[in-house]
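Here the numbering used here is used: the first residue of the sequence shown is 661, the next is one more, and so on. Just so you know, even glycine gets a beta-carbon here, dropped at the ideal spot from N, CA and C. This structure is a prediction, so every number in the text was calculated from the model and none was measured. All remarks here apply to the structure that follows.
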Amino acid sequence: MPERIELNPPWPWASKFRIAQGVQVGNRVYVSGQVAFDPRGNVVGRDNMGAQASQVFENIRAVLAEAGATMDDVVKITAFITDMSRYADYTAARAEAFPNNIPASATVATPTLVSPDLLVEVDAVAEIGSGKKA
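Below you can see the structure in the form of structure tokens.
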């Protein structure tokens, strides 16, 4: 049976949530919902969906790196968005984050996230080695 490995980039703020930022089981990586916190726990891009989505994808990239995975290995994402009128800004950031392999994707409208300053949260599933090599 594959070993279960918790993945936690060295973010000082993350310990207060008492979750693994990701979990690796074999070649599969499950990334917890990521929001627009910088490494110090500050919200990036208040009231700016594009900036927040870009930070979210950077955070996903950091969690994947803990397992030796890349964004090209992501096979599925789910986004939770508080303002669907800004969906185009989210999709632009998503397109930049996944220039090679487009993952399966779902988007859910939600009234709020863990902080009212946050506009988007994304979780991900990756299969290590499944991505195209650039």
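Check: Assumed close pair Leu-667, Gly-682 - CB separation to whole angstroms, cut-off 8 Å; Outcome: 4 Å
Check: Burial state of Glu-781, where buried means 16 or more other Cβ atoms lie within 10 Å; Outcome: buried
Check: C-alpha distance - Arg-754 paired with Ser-692, whole-angstrom precision; Outcome: 17 Å
Check: Beta-carbon gap between Thr-730 and Gly-791 smaller than 8 Å; Outcome: yes
Check: Beta-carbon spacing of Thr-751, Leu-773 below 8 Å; Outcome: no
Check: Which residues DSSP lists as bridging Lys-736, in chain order; Outcome: Ala-764, Val-785
Check: Complete runs of the beta strand (DSSP E) confined to the segment 701 to 761 [at least 3 residues]; Outcome: 734 to 741
Check: Given 8 Å, three or more beta-carbon pairs between the segment 668 to 677 and the segment 696 to 714; Outcome: yes
Check: For Ser-675, three-class secondary structure by DSSP; Outcome: helix
Check: Exposure label - Met-709; buried when at least 16 CB within 10 Å; Outcome: buried
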